[in-house]
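K.L.:
Chains as they are written, first to last, in this note's numbering: chain A, 1 to 170; chain B, 171 to 771.
From the three backbone atoms N, C-alpha and C, an ideal C-beta is built for every residue, glycine too.
Here it is, the structure in full.
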Amino acid sequence: MITRAFLAIFLFLLIGLLGFFAISLQNDDMQPIKTQEGKPLILDRELYTIEGMKVDKESLFSGKIILNVYASYCLPCVIEHPFLMEIADSKNVKIVGLSHKDQIVETKKYLEKYGNPYDFSILDLDGSLSLKLGVIGPPETFLIINGEIVAHRIGVIDIDIWNDRFEKYF
Amino acid sequence: MGTSILWFSAFLCVLIFSFSLQRKSHNLAKNLIYANLGTLFIGALYLGYQFLSDNFSFVYIFQNSNVLLPTFYKVSAFWAAHEGSFFLMIILLSSCAVINNIAMKESRYLSLSNSVIAFILFFYLIFLALTSNPFMIFEAAPLNGSDLNPLLQDPLLVIHPPMLFAGYVFYAITFSFVIAGMFTDFDKELFSIIKIWAGISWFTLSLGILLGSMWAYYELGWGGYWFWDPVENVALMPWLAGTAFTHSLIFSKNKVLLSWMVFLGILTFLLSILGSFIVRSGILNSVHSFASDPSRGVFLLSLFALFSLVSLGAFFFRSNFLHSGWPKFMSKNYLLVLNNIILMTILTIVFLGTLYPIYYEVIYSEKFSVGPKYFSELITPAVFALIILFTLEQFPKILSMDKLKASLILIAATAIIFIINYFNMGLLLSGIFLATLILKFILDLLNNESVRLHKLFGHLAVVLLTFSVLLNHEFSKNIDFKIKPNDKVEFMGTSLIFKSVDVVPNKNFDSVVGTFEVEDKGRNFNIISEKRVYKVGSVITSETGIAPYITKDYLLVLGDRYKDGSWSVRYSIKYGIMMIWMSSCLLLLSILYGTIRRYDY
């Protein structure tokens with residue numbers, strides 16, 4: 001009898017626990033990663049392109065700019081690359097690349113192989129610029145309008161995410 | 171090909187399950203168990219071969235390997251992430267079933283145990299094939315992999331996960347026998363089988379936890395060995411339940427509290443599944459979160475629900491057939507019951523502390539985390555209660571006194587615990603207990619009394635472990651400072667000179683090596699601390715420089731370089747770390763000896 005009473009209580013608690021787990025799993029925002037949306041763009045030092053040219057920073061603070069963080073070692077970047085090419089062709093927007101912790105030779109090979117949708121690519125060999133921008137890892141895409149980050153996608157960008165979060169600014 | 175191997179094996183499990191339940195086809199079921207292991211083994215060889223031949227069209231291999239990775243780690247990358255380690259666990263479980271079938275030719279428990287294992291295996295395989303298939307293939311094969319997580323490129327971590335998994339797997343075996351016993355009868359033969367498996371699982375799980383703890387200390391560079399991290403806690407929970415279970419098996423001689431033992435056997439297994447659910451679902455944030463994925467969580471939760479409801483339901487309906495008695499007041503068995511109660515209390519403390527954040531998030535939709543203070547403050551008195559219990563057990567004369575005196579002693583013991591807690595005298599007290607136990611041991615040896623070595627040394631190890639942990643907690647210190655090469659720093663009576671810093675290239679990483687010279691009361695030695703930059707993805711890891719001595723360890727972590735050429739450095743002196751490892755090893759050896767010794771019977 002004692003065993004059964006004990007077990008009944010235990011089972012009751014267990015079912016409660018399972019219920020809690022089930023509810024907790026419903027929360028799909030379990031580990032929310034904060035996007036940089038709504039924050040101003042801050043660039044406090046000189047930037048260079050992968051060709052070694054100095055970047056005109058002022059140009060990044062005016063108008064609509066898409067900043068795409070990519071790298072040759074990043075496989076998801078290859079997946080989103082055709083979509084970026086499409087955007088470059090169809091939308092009237094400046095696309096700037098940010099080569100994240102990557103060797104210049106590798107980046108150039110990558111752009112030769114898959115095509116170059118970027119007006120230019122900023123070099124970020126040690127990742128410090130990405131760190132300032134709040135980048136977690138490539139691929140990431142920012143939409144910057146007049147120096148303000150209005151949309152930020154962490155991960156692969158595709159037509160669905162574009163329509164959902166980026167299209168409204170065009 | 172790989173995926174079909176998994177499905178075929180799952181199909182075999184269904185056959186094993188149903189054949190094992192029919193008396194006529196037992197032999198067929200046995201042969202199928204061998205065939206199943208063979209099938210899985212082929213699958214493992216296939217995957218292993220792909221790793222060695224750098225076939226990055228496999229998603230799993232792309233994620234965990236790289237052309238530059240040394241061959242040794244290419245092999246160990248097999249179980250570096252969720253998919254492979256779960257696959258390994260399945261292979262282990264089915265090999266255990268094979269071992270059972272070879273070792274026990276004719277046992278009436280065998281077929282029931284086989285069907286329970288097949289039942290578990292079937293769901294594991296489905297889980298593997300559907301949500302975490304290691305054989306998944308890319309449409310376009312990438313040229314190179316994204317490398318094994320650098321933190322995992324360490325010999326200790328090559329064996330830590332399989333050990334932990336092996337511990338879990340072995341508890342599934344004890345579980346299968348406990349279930350088998352529930353539907354037949356618990357006799358001497360079954361108890362000896364359960365005791366051996368319980369001993370082996372206890373040993374492996376302890377070893378797995380110890381290795382993980384050593385890895386945290388040497389590789390993560392946090393300067394600690396236990397952090398009450400959720401993932402550590404979920405490994406600790408089955409360990410605690412397993413400890414209680416192994417102790418409760420001592421009751422078996424006169425079948426005292428049989429149903430309690432059955433309950434613990436089931437609980438241990440369920441906690442190990444709960445462990446994989448919590449680790450793999452990402453329901454809690456932890457250092458181990460790299461392994462998480464919510465879709466797996468749903469599946470594992472369903473598995474946990476299924477296993478727990480089926481086994482506890484069966485237990486509920488069979489409980490009246492389990493004859494159990496109560497132990498006599500203050501007998502040895504009575505102390506064992508107290509031991510079980512205390513272990514369950516610790517388990518509850520860990521359980522609540524680990525899961526409270528989930529509860530809090532569901533109710534208040536806010537993040538919450540439980541600090542180490544909660545655990546250490548609640549668990550320390552419980553550990554002391556345990557120590558008092560087994561010290562008391564060494565003195566049978568006190569126990570054989572009349573009930574009144576014995577209860578007075580119990581009350582006094584409780585008072586002692588509170589005093590220790592209040593005055594923070596744990597260190598002193600654990601020292602006293604240590605001395606008492608050793609003295610008693612020597613006296614017994616001199617009087618030619620029979621001594622149970624495994625028990626005595628196991629208990630001694632626990633006291634020594636407690637002592638070292640408290641020592642570490644009380645005296646360890648660290649400082650952070652900026653230092654230029656050839657500068658000198660004084661700390662806790664030691665002096666530290668930053669001798670040099672060099673860059674050394676390696677196969678898959680480059681490292682910055684800092685050499686330090688430490689002088690402590692005539693003792694003079696060098697410590698080398700490294701910072702590694704891995705070539706793929708530029709991940710940076712710190713290799714802590716450690717000079718271990720019996721009483722204290724000297725730790726150096728090389729930090730970042732400043733523009734003026736100076737470096738940030740963390741220097742710590744940790745007491746008792748070596749003693750923690752040694753007492754844990756003593757505990758492990760006692761468990762091992764206690765288990766092996768059984769083969770004589």
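DSSP beta-bridge partners for residue 178 of chain B?
P.N.:
Counting from 1 along the second sequence, the entry for residue 178 of chain B is found at position 8. None; residue 178 of chain B has no bridge partner.
K.L.:
Taking 8 Å as the cut-off, does the region 256 to 271 of chain B touch the region 143 to 157 of chain A (at least 3 CB pairs, one atom from each stretch)?
P.N.:
Cβ pair count under 8 Å is below three, so no.
K.L.:
On the premise that residue 754 of chain B lies in contact with residue 635 of chain B, defined as a C-beta separation below 8 Å, what is that separation, rounded to the nearest angstrom?
P.N.:
Here residue 635 of chain B is taken as the residue at index 465 of the second sequence, counted from 1. Here residue 754 of chain B is taken as the residue at index 584 of the second sequence, counted from 1. Going by Cβ atoms, the distance from residue 635 of chain B to residue 754 of chain B rounds to 6 Å, so yes, they are a contact pair.
K.L.:
Looking at residue 65 of chain A and residue 161 of chain A, is the spacing between their C-beta atoms short of 9 Å?
P.N.:
Along the first sequence, read from residue 1 onward, the residue named residue 161 of chain A stands at position 161. Along the first sequence, read from residue 1 onward, the residue named residue 65 of chain A stands at position 65. Contact flag unset, no.
K.L.:
Just to make sure I have the definition right: I need the residues of chain A whose C-beta is within less than 8 Å of the C-beta of residue 453 of chain B. Which are they?
P.N.:
By one-based count along the second sequence, residue 453 of chain B stands at place 283. Here the neighbours are 21, 24, 25 and 30.
K.L.:
Please state the DSSP three-state secondary structure of residue 398 of chain B.
P.N.:
As a working mapping, residue 398 of chain B is identified with position 228 in the second sequence. Looking at residue 398 of chain B - three-state DSSP - the assignment turns out to be coil, as it is neither helix nor strand.
K.L.:
Less than 8 Å between the CB of residue 591 of chain B and some heavy atom of the ligand HEM, yes or no?
P.N.:
By its list of ligands, the structure shown contains no ligand whatsoever, and the ligand HEM lies outside what it can speak to.
K.L.:
Take residue 105 of chain A and list the residues in its own chain whose beta-carbon comes closer than 8 Å to its own, dropping the five residues that flank it on each side.
P.N.:
As a working note, residue 105 of chain A is residue 105 in the first sequence. Within the same chain, residue 105 of chain A has no close Cβ partners at all.
K.L.:
Any C-beta of chain A within less than 9 Å: which residues of the region 330 to 360 of chain B qualify?
P.N.:
Listed in sequence order: no entries.
K.L.:
Exposed or buried, which one is residue 584 of chain B when buried takes at least 16 other CB atoms within 10 Å?
P.N.:
The sequence position of residue 584 of chain B within the second sequence is 414, counting from 1. With fewer than 16 Cβ atoms within 10 Å of its Cβ, residue 584 of chain B is classed as exposed.
K.L.:
If we call anything under 9 Å between Cβ atoms a contact, is residue 703 of chain B one with residue 681 of chain B?
P.N.:
Working through the second sequence from its first residue, we reach residue 703 of chain B at position 533. Working through the second sequence from its first residue, we reach residue 681 of chain B at position 511. Yes, Cβ-Cβ distance for residue 703 of chain B and residue 681 of chain B is below 9 Å.
K.L.:
Could you tell me whether the Cβ of residue 551 of chain B comes closer than 9 Å to any Cβ of chain A?
P.N.:
As a working mapping, residue 551 of chain B is identified with position 381 in the second sequence. Closer than 9 Å: no.
K.L.:
Taking residue 620 of chain B as part of the alpha helix (DSSP H), name the residues at either end of that continuous run.
P.N.:
In the second sequence, residue 620 of chain B corresponds to position 450, counting from 1. Careful: residue 620 of chain B lies outside any alpha helix (DSSP H) and carries neither H nor E.
K.L.:
Alpha helix (DSSP H) containing residue 705 of chain B: first to last residue?
P.N.:
What you label residue 705 of chain B is simply residue 535 of the second sequence in a count that begins at 1. First-last for residue 705 of chain B: undefined, no H or E at that position.
K.L.:
Inspect the CB distances between the region 290 to 300 of chain B and the region 178 to 185 of chain B and report whether three or more fall short of 8 Å.
P.N.:
At 8 Å Cβ cutoff, the stretches touch.
K.L.:
Suppose the cutoff is 8 Å on Cβ atoms and the five residues either side in sequence are ignored; what does the same chain contact list for residue 209 of chain B look like?
P.N.:
Here the question's residue 209 of chain B lines up with position 39 in the second sequence. Once the five neighbours on either side are set aside, the close Cβ partners of residue 209 of chain B are 175, 178, 179 and 182.
K.L.:
Using C-beta distances below 6 Å, list every residue in its chain close to residue 715 of chain B, excluding the 5 sequence neighbours before and after it, in chain order.
P.N.:
As a position in the second sequence, residue 715 of chain B is number 545, starting the count at 1. Answer for residue 715 of chain B: 697, 698, 699 and 726, listed in chain order.
K.L.:
Do residue 523 of chain B and residue 538 of chain B have their C-beta atoms within less than 9 Å of each other?
P.N.:
To locate residue 523 of chain B, count along the second sequence from 1; it is residue 353. To locate residue 538 of chain B, count along the second sequence from 1; it is residue 368. Not in contact: residue 523 of chain B and residue 538 of chain B (Cβ atoms no closer than 9 Å).
K.L.:
Mind pulling the beta strand (DSSP E) runs of 3 or more residues that sit fully within the region 616 to 672 of chain B?
P.N.:
DSSP runs (the beta strand (DSSP E)) wholly in the region 616 to 672 of chain B: 647 to 653 and 658 to 661.
K.L.:
Quick one, which of B:215, B:447 and B:220 has its alpha-carbon nearest residue 17 of chain A's?
P.N.:
Locating residue 17 of chain A in the first sequence gives position 17, where the first residue counts as 1. Considering only alpha carbons, the answer is B:447.
K.L.:
Only counting the same chain, and skipping five residues up and downstream in sequence, which positions put a Cβ closer than 7 Å to that of residue 269 of chain B?
P.N.:
For the purposes of this step, residue 269 of chain B is identified with residue 99 of the second sequence, where counting begins at 1. Cβ neighbours of residue 269 of chain B beyond the five flanking positions: none.
K.L.:
Do the region 310 to 319 of chain B and the region 403 to 413 of chain B make contact, defined as three or more Cβ pairs closer than 8 Å?
P.N.:
Counting Cβ pairs under 8 Å, fewer than three are found: no touch.
K.L.:
Where DSSP assigns a beta bridge to residue 741 of chain B, which residues make up the other side?
P.N.:
For the purposes of this step, residue 741 of chain B is taken as the residue at position 571 of the second sequence. In the DSSP output, where bridge partners are listed per residue, residue 741 of chain B has B:649 and B:726.
K.L.:
Taking DSSP as the reference, what is the three-state secondary structure of residue 158 of chain A?
P.N.:
By 1-based counting over the first sequence, the position of residue 158 of chain A is 158. Three-state result, residue 158 of chain A: coil.
K.L.:
Write down every uninterrupted run of the alpha helix (DSSP H) in the region 483 to 564 of chain B whose length is 4 residues or greater and which is fully enclosed by it, in chain order.
P.N.:
Complete alpha helix (DSSP H) runs here, min 4: 502 to 534 and 542 to 563.
K.L.:
Quick one: Cα of residue 328 of chain B to Cα of residue 744 of chain B, how far?
P.N.:
The count along the second sequence starts at 1 and reaches residue 328 of chain B at position 158. The count along the second sequence starts at 1 and reaches residue 744 of chain B at position 574. Cα to Cα, the separation comes out at about 26 Å.
K.L.:
Between the region 485 to 493 of chain B and the region 344 to 354 of chain B, are three or more C-beta pairs nearer than 8 Å?
P.N.:
A contact exists between the region 485 to 493 of chain B and the region 344 to 354 of chain B.
K.L.:
Unbroken beta strand (DSSP E) runs of length 3 or more, entirely within the region 119 to 169 of chain A: which are they?
P.N.:
Correct list: 120 to 124, 140 to 145 and 148 to 154.
K.L.:
Kindly indicate which residue of B:717, B:705, B:709 and B:710 has the alpha-carbon position closest to the one of residue 695 of chain B.
P.N.:
Position 525 of the second sequence, counted from the start, is the residue given in the question as residue 695 of chain B. Per the Cα distances, B:717.
K.L.:
Report the neighbours of residue 326 of chain B on chain A: residues whose CB is nearer than 8 Å to its CB, in chain order.
P.N.:
Indexing the second sequence from 1 puts residue 326 of chain B at position 156. Residues of chain A passing the Cβ test: none, with the nearest at roughly 27 Å.
K.L.:
Taking 8 Å as the threshold, find out whether the region 298 to 308 of chain B comes into contact with the region 391 to 405 of chain B through three or more Cβ pairs.
P.N.:
They do not touch, by the three-pair rule.
K.L.:
By DSSP's criteria, residue 711 of chain B is part of a beta bridge. Which residues make up the other side?
P.N.:
Position 541 of the second sequence holds residue 711 of chain B. Note: residue 711 of chain B sits in a beta bridge opposite B:702.
K.L.:
DSSP beta-bridge partners for residue 68 of chain A?
P.N.:
By 1-based counting over the first sequence, the position of residue 68 of chain A is 68. Paired residues: A:97 and A:141.
K.L.:
From what residue to what residue does the beta strand (DSSP E) around residue 686 of chain B run?
P.N.:
Along the second sequence, read from residue 1 onward, the residue named residue 686 of chain B stands at position 516. Residue 686 of chain B -> beta strand (DSSP E) spans 679 to 690.
K.L.:
Any beta-carbon of chain A closer than 9 Å to the one on residue 461 of chain B?
P.N.:
Residue 461 of chain B sits at position 291 when you count from the first residue of the second sequence. Note on residue 461 of chain B: pLDDT 48, under 50, position unreliable in the model; the coordinate value appears next. Output row for residue 461 of chain B: interface = no.
K.L.:
Could you check whether the region 373 to 380 of chain B touches the region 329 to 345 of chain B, counting it as contact only if at least three pairs of C-beta atoms, one from each stretch, sit closer than 8 Å?
P.N.:
Because the criterion of three Cβ pairs below 8 Å is met, the region 373 to 380 of chain B and the region 329 to 345 of chain B touch.
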